[in-house]
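Visitor:
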Amino acid sequence: MEEIDRAIVAALTADGRLSYTDLAERVGLSVSAVHQRVRRLEQRGVISGYTARVSYEALELPLTAFVAIRPFDPSQPDDAPDRLSHLAEIDSCYSVAGEDFYMLLVRVASPADLERLLQEIRTAANVTTRTTVVLSTPYENRPPRMTTPPATPPANQPSDQTAAAQRSAAHPSTAHPSTAHPAAAQRSTAGPSA
Numbered sequence: 001m002e003e004i005d006r007a008i009v010a011a012l013t014a015d016g017r018l019s020y021t022d023l024a025e026r027v028g029l030s031v032s033a034v035h036q037r038v039r040r041l042e043q044r045g046v047i048s049g050y051t052a053r054v055s056y057e058a059l060e061l062p063l064t065a066f067v068a069i070r071p072f073d074p075s076q077p078d079d080a081p082d083r084l085s086h087l088a089e090i091d092s093c094y095s096v097a098g099e100d101f102y103m104l105l106v107r108v109a110s111p112a113d114l115e116r117l118l119q120e121i122r123t124a125a126n127v128t129t130r131t132t133v134v135l136s137t138p139y140e141n142r143p144p145r146m147t148t149p150p151a152t153p154p155a156n157q158p159s160d161q162t163a164a165a166q167r168s169a170a171h172p173s174t175a176h177p178s179t180a181h182p183a184a185a186q187r188s189t190a191g192p193s194a
């Protein structure tokens, strides 16, 4: 993918409501060129849609949990996702490697609702469940890394971070501030407007 396309994706990931004019200013292209590139990114499936970020607490669904499921009888058809698709409390269903077959992300209003949902999952899909309740979410829906990481320095040259750490240890009064990358902006809320 070209760097200019990466810049467009990064800008739209941070703010999906950018107008084509604002997006063009950010990436240094004309409005028509940005419009064409966004359309091509959509056609190629790089940009698969635009969504609103919602507050699940405001929707009165403050309890989030991960539910690992495993069939009672692995020789039976693997159709748990189909059997569970009618349950609106299931936000996402992931096929996973390991002892479990699927990991469900669920959102409910209360522990009693979670208990009821777990029983529905077990009954509908004939599975065992293992549940992990989320206590807090430091971040989620982070945008993908849009730049290629820097090349690893040759073996005989320390990296910038190693060199900075060595300087700090040798001269504590001249320690350099951290150069860690700031937290990325969250996903967009809507598509660009004209």
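Just so it is clear: in the sequence shown, position 75 is 75 by the UniProt record's numbering, and no numbers are missing.
Note that beta-carbon positions come from the ideal geometry of N, C-alpha and C, so glycine has one too.
In angstroms with no decimal places, state the Cα-to-Cα distance between Ala80 and Gln119.
Guide: Residue 80 sits at position 80 when you count from the first residue of the sequence shown. Residue 119 sits at position 119 when you count from the first residue of the sequence shown. Taking the straight line joining both Cα atoms gives about 14 angstroms.
Visitor: Restricting to Cα atoms, I'd like to know which of Arg53, Thr64, His86 is closest to Arg17.
Guide: In the sequence shown, counting from the first residue as 1, residue 17 sits at position 17. Per the Cα distances, Arg53.
Visitor: Please state whether DSSP places Ser173 in a helix, a strand or coil.
Guide: In the sequence shown, the residue the question calls residue 173 occupies position 173. Caution is warranted here: a pLDDT of 45 is assigned to Ser173, below 50, making its placement in the model unreliable, and no coordinate value can be reported.
Visitor: Give the single residue among Val127, Leu104, Ala124, Pro143 whose Cα lies nearest to the Cα of Val134.
Guide: Translated into positions along the sequence shown, residue 134 becomes position 134. With distances taken between Cα atoms, Val134 lies closest to Leu104.
Visitor: So Ala14 packs on Pro143, CB below 8 angstroms; how close in whole Å?
Guide: Translated into the one-based positions of the sequence shown, residue 14 becomes position 14. Translated into the one-based positions of the sequence shown, residue 143 becomes position 143. Correct: roughly 7 angstroms between the Cβ atoms.
Visitor: Looking at C-beta atoms only, is the number of pairs between the region 31–43 and the region 76–93 that lie closer than 8 angstroms three or more?
Guide: Output reads no: the region 76–93 does not touch the region 31–43.
Visitor: Run through the region 65–110 for me and flag every whole beta strand (DSSP E) of 3 or more residues, listed as ranges in chain order.
Guide: Listed in chain order, they are 90–95, 102–108.
Visitor: For Leu29 and Leu23, what's the separation of their Cα atoms in angstroms?
Guide: Along the sequence shown, one-based indexing puts residue 29 at 29. Along the sequence shown, one-based indexing puts residue 23 at 23. Going from the Cα of Leu29 to the Cα of Leu23 covers about 8 angstroms.
Visitor: Please go through the same chain and pick out, in chain order, the residues whose beta-carbon is closer than 8 angstroms to the beta-carbon of Thr137, but skip the five residues on each side of it.
Guide: Locating residue 137 in the sequence shown gives position 137, counting from the first residue. Excluding positions up to five away in sequence, the list reads Thr64.
Visitor: What are the partner residues of residue 203, as DSSP defines its beta bridges?
Guide: Nothing in the structure corresponds to residue 203, since the chain is present only between 1 and 194.
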